[in-house]
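Structure record follows, encoded as structure tokens.
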Amino acid sequence: LGAQPFIVPAMGSHGGATAEGQLKVLARYGVTPESMAVPILSSMDTVEIGRMPWGFPVYVDKHASEADHIVLVNRIKPHTNYRAHVESGLMKMLVIGLGKHQGAIVAHRASVDVGLPRAIPEVARFSLSKLPILFGLGTLENVRHETAKVEAVLPEALEETEARLLTEAWALLGRIPFDFLHLLIVDEMGKEISGTGMDPNVLGRLYFFPNEEPKSPRYIRILIRDLTDQTAGNAVGMGLADFSTRRLANKINFQYTYTNALTGLSPMRSKMPIIFETDREAIEGALKTIGLTEPPDAKVARIKNTLDLEFLYASDALLPEIKERADLEIVSGPHPFTFTAQGDLADGAN
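Last residue of the sequence shown: number 369 in the numbering used here, and the count goes up by one each step with no gaps.
Below, the structure written as structure tokens:
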């Protein structure tokens with residue numbers, strides 16, 4: 020065909036809002052010039068392609084703006100901040116991802132005055148009218164973190180198709196099968212799991228102005244134990260938890276974390292939880308704050324992360340509820356928590 024394809028990282032402020040950082044993010048997913056056999060042109064330079072009637076400047080990656088054709092590729096899923104007919108996917112990538120750090124800042128600032136449910140679709144439609152979008156490729160994931168569907172869509176059908184795929188994504192979204200817990204223990208968080216490290220839709224906590232907090236699920240305390248290696252120290256979203264460990268705190272890259280938090284206008288989500296030296300101390304500390312319920316009677320669940328929800332640990336207090344549920348199966352146990360000599364869970368991330 021004579022084409023000269025190249026890849027542009029369309030990830031807003033991820034990777035510390037630097038060209039090098041975004042290359043590293045792609046490399047952690049196995050996307051490199053060598054593996055893809057095409058160049059990756061990573062830059063934070065943008066061009067303004069116009070303005071919205073309400074004063075919003077629309078930015079796009081400079082390299083993308085110079086291409087003859089653009090192909091959008093993104094996972095479609097519920098957004099962590101807002102509800103609309105399109106949320107996290109190809110339309111949002113046009114606005115925030117391809118807008119790079121500059122575009123992401125403006126878009127999130129507009130959320131305070133205009134609201135993301137309005138800003139994302141309207142700006143995306145404008146970008147579609149100005150940019151040479153050839154087609155989009157939307158993917159859906161199941162609860163096992165596997166690709167469940169890949170669908171190509173032409174630009175004129177992008178919004179309608181993404182809205183339909185979002186409905187399918189909601190059906191695929193993993194959920195913790197308990198509406199109430201005294202304590203939820205999450206083994207790991209990271210940007211590859213959710214844009215906020217842990218998915219607020221799973222936790223039942225948004226902490227995003229001006230949105231109201233969901234009424235369900237209700238988890239009195241949340242403990243996050245560790246960061247994934249892939250997140251490279253970006254701990255945005257750690258503020259969704261009440262307690263954490265020295266292990267996690269020592270891995271935080273504050274530049275990456277705070278750049279992401281400020282860009283996304285979500286400072287509450289990136290506040291430090293109370294830090295304990297070990298898992299044992301963190302669990303014991305959390306159980307001191309659940310009210311009149313004694314620890315042996317507490318409803319406690321432990322998950323690997325908010326994306327991997329096929330299997331979980333549940334305390335004895337949840338057993339009556341589990342036995343009444345046809346959609347739940349006890350596969351083993353009961354098993355007591357076991358700790359290392361250092362006080363960390365013996366079967367978890369270290």
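Note that CB positions come from ideal geometry on N, CA and C, so glycine has one too.
Here the structure is a predicted model, which is why all the values come from computation and not from measurement.
- prompt: From which residue to which residue does the beta strand (DSSP E) around G157 run?
  reply: Reading the sequence shown from its first residue, position 138 is the one you call residue 157. Segment I152 to E160, the beta strand (DSSP E) holding G157.
message: Please tell me whether I195 and I302 are closer than 8 angstroms, where the distance is taken between their beta carbons.
response: Mapped onto the sequence shown, residue 195 falls at position 176. Mapped onto the sequence shown, residue 302 falls at position 283. No.
- request: Might you give, ordered along the chain, the residues of its own chain that have their beta carbon closer than 8 angstroms to the beta carbon of Y277, omitting 5 neighbours on each side?
  value: Against the sequence shown, residue 277 aligns to sequence position 258. Excluding residues within five positions, the ones whose Cβ falls inside 8 angstroms are S289.
- prompt: Under the rule that 16 or more other beta-carbon atoms within 10 Å means buried, what is N279, buried or exposed?
  reply: Taking the first residue of the sequence shown as 1, we reach residue 279 at position 260. Buried, by the Cβ-count rule.
task: Kindly indicate which residue of I241, Y275 and G252 has the alpha-carbon position closest to the one of L259.
output: What you label residue 259 is simply residue 240 of the sequence shown in a count that begins at 1. Out of I241, Y275 and G252, I241 has the C-alpha closest to the C-alpha of L259.
- prompt: Between which two residues does the alpha helix (DSSP H) carrying Y277 extend?
  reply: To locate residue 277, count along the sequence shown from 1; it is residue 258. Y277 -> alpha helix (DSSP H) spans F273 to T282.
field: Close-in-space but distant-in-sequence residues of the same chain around I89 (CB under 7 angstroms, 5 per side omitted)
entry: Locating residue 89 in the sequence shown gives position 70, where the first residue counts as 1. These residues qualify, in order along the chain: A83, L150, P151, I152 and L153.
message: I'd like to know whether the C-beta atoms of L156 and A171 end up nearer to each other than 8 angstroms.
response: Looking up residue 156 in the sequence shown gives position 137. Looking up residue 171 in the sequence shown gives position 152. Their beta carbons are under 8 angstroms apart, which means L156 touches A171 by this criterion.
query: Which residue's Cα is closest to the Cα of E165: L192, R144 and E178?
result: Counted from its first residue, the sequence shown places residue 165 at position 146. E165 has its Cα closest to that of L192, out of L192, R144 and E178.
task: Provide the residue span of the beta strand (DSSP E) that contains P233, from first to last.
output: One-based indexing of the sequence shown puts residue 233 at position 214. From DSSP, P233 is part of no beta strand (DSSP E); its letter is neither H nor E.
- prompt: Going by beta carbon distance, what residues of the same chain come within less than 7 angstroms of L161, once the five residues before and after it are set aside?
  reply: Your numbering for residue 161 matches position 142 in the sequence shown. What sits at residue 161 in the sequence shown is Asn, not Leu. Hits under 7 angstroms: A167 and L191.
message: According to DSSP, G69 sits in a beta bridge with which residue or residues?
response: As a first step, residue 69 is located in the sequence shown; it is residue number 50 there, counting from the start. G69 pairs with V77.
Contact between the region 228-247 and the region 305-316 (3+ Cβ pairs under 8 angstroms): yes
field: Pairwise C-alpha distance: I68 and A368
entry: For this step, residue 368 is matched to residue 349 along the sequence shown. For this step, residue 68 is matched to residue 49 along the sequence shown. Confidence in A368 is poor, its pLDDT being 44 and thus under 50, which makes the residue's placement unreliable; the coordinate value appears in the next sentence. Straight-line Cα distance between these residues: approximately 46 angstroms.
- request: Give me the Cα-Cα distance between L159 and V114, rounded to the nearest whole angstrom.
  value: As a working mapping, residue 159 is identified with position 140 in the sequence shown. As a working mapping, residue 114 is identified with position 95 in the sequence shown. If you take the alpha carbons of L159 and V114, they lie about 20 angstroms apart.
query: Taking the alpha carbon of E294 as the point to measure from, which residue in N324, G49, L267 and V319 has its own alpha carbon closest?
result: Within the sequence shown, residue 294 is the residue found at index 275, counting from 1. Per the sequence shown, the amino acid found at residue 294 is Ile instead of Glu. For the residues N324, G49, L267 and V319, the minimum Cα distance to I294 belongs to L267.
query: DSSP on S61, reduced to helix/strand/coil?
result: Here residue 61 refers to the residue found at position 42 of the sequence shown. Residue state, collapsed to three classes: coil.
- request: Compute the Euclidean distance between the alpha carbons of E178 and W73, then round it to the nearest angstrom.
  value: Here residue 178 corresponds to residue number 159 of the sequence shown, with the count starting at 1. Here residue 73 corresponds to residue number 54 of the sequence shown, with the count starting at 1. Answer to the nearest angstrom: the Cα atoms are 21 angstroms apart.
Best match in I341, G283 and Y226 for proximity to G116 [C-alpha to C-alpha]: Counted from its first residue, the sequence shown places residue 116 at position 97. For G116, the nearest C-alpha among the options comes from G283.
message: I204 and R244 - do their beta-carbons sit closer together than 8 angstroms?
response: By one-based count along the sequence shown, residue 244 stands at place 225. By one-based count along the sequence shown, residue 204 stands at place 185. A contact, by the Cβ cut-off of 8 angstroms.
- request: Would you tell me roughly how many angstroms separate the C-alpha atoms of R70 and P76, rounded to the nearest one?
  value: Within the sequence shown, numbered from 1, the residue matching residue 70 stands at position 51. Within the sequence shown, numbered from 1, the residue matching residue 76 stands at position 57. About 4 angstroms.
field: Beta carbon of T247 nearer than 8 angstroms to that of E211
entry: By one-based count along the sequence shown, residue 247 stands at place 228. By one-based count along the sequence shown, residue 211 stands at place 192. Closer than 8 angstroms, so yes.
task: Please name the residue, chosen from N272, V57, R163 and S54, that lies closest to D327 on a Cα-to-Cα basis.
output: As a first step, residue 327 must be located in the sequence shown, where it is residue number 308. Closest option to D327, Cα to Cα, is R163.
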